[in-house]
Amino acid sequence: MSELEIEHGKILAAREACKLVEGLGVVKVLGLGTGSTVRKFIDTCLHLLRNTKLVASSSDTVLYAKSLGLNVLDLLSVNSVDVYIDGADEVSGKLDLVKGRGAALFREKTIAYLSQTRIYVVDYTKYTGLDYLYVKPIPIEVVPAALNYVLKTVSRMGLFEPLVRKCAGKEGPVITDNNNYLVDLKPLQPIVDPSRVHYELKRVHGVVESGIFPSEELVDVVVVGYADRACILRKDAGDVKSA
């Protein structure tokens, strides 16, 4: 694989996602996630987004969209979203996702729950095809005052090695848009039941949200971009089907 192939895969996936959105008909409110692939979608689908109300999961996406003259609403001003576009850090063969490298997992998941259709756009390096999650660390958003308790409790679960995410450009931990910390959980074994593990993590006092997006709750379509094509994967009656 090369960086050029990966970038071209993102572009092809973004184009295919744009076609999917156009095929939905009237889209009054569209949700945008965070990351480089989402930016590719914005650039590719700019003609459509100019006539659409938007909500975004992070300050970074808000600023980028507004710099292009797009109409971005406050998330509190909408009760529902027609379609949500986001990327992912890892996609299993069952379309369970790991998200949160961009530190916006809580708001990303909030918009996903509000949305009627959820489309995730990734390059081929993010799609494992495996029946479990294991490749990428799973982020959790943690209330700062509960950090030590969360680290101790998660360690005792025996599933993960927790590590507080540090800022690259300054001292101290990464701070989310909600003023919380991020802890990255390195899997010590395959996560074969992501939904169960997600809710186990949510039950730990101080954990605001996990970066596991269970396919049965939060995923409708995944578009995987390769160097020469884009592949559409859909959840259909519990099975993953390629369109």
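The letter at position 143 of the sequence shown is residue 149 when you use my numbering, and the numbering goes up by one with no holes.
Beta carbons: idealized from backbone N, C-alpha and C, even for Gly.
Secondary structure at VAL68: helix, using DSSP grouped into helix, strand and coil.
For PRO179, the beta-bridge partners assigned by DSSP are LYS172.
CA-to-CA, the gap between ILE197 and VAL203 works out to about 8 Å. Taking a C-beta distance under 8 Å as the contact criterion, TYR126 and GLY178 do not qualify as a contact pair. Between VAL189 and LEU169 the beta-carbon gap is near 7 Å, inside 8 Å, which marks them as a contact. Residue state for LYS46 is assigned as helix, using DSSP reduced to three classes. Going by beta carbons, VAL225 and ILE238 fall outside the 8 Å limit. For LEU136, same chain residues with a beta-carbon under 7 Å away, outside a window of 5 residues either side, are SER98, GLY99 in chain order. Counting only runs that start and end inside the segment 175 to 225, the beta strand (DSSP E) elements of at least 3 residues fall at 187 to 193, 213 to 216. About 6 Å separates the Cβ atoms of LEU101 and LYS241, confirming a contact at the 8 Å cut-off.
With a cut-off of 8 Å on Cβ pairs, the segment 44 to 57 is not in contact with the segment 158 to 176, counting fewer than three such pairs.
When the five nearest sequence neighbours on each side are left out, the beta carbons in the same chain lying within less than 7 Å of the beta carbon of VAL213 are those of ILE146, VAL148, VAL156, LEU207, in order along the chain. In this structure, PHE112 places its C-beta atom within 8 Å of the C-beta atom of THR182. Taken through DSSP and simplified to helix, strand or coil, ARG235 comes out as coil.
With a contact defined as Cβ atoms closer than 8 Å, VAL210 and THR159 qualify at about 5 Å.
A distance below 8 Å separates the beta carbons of GLU215 and LYS115.
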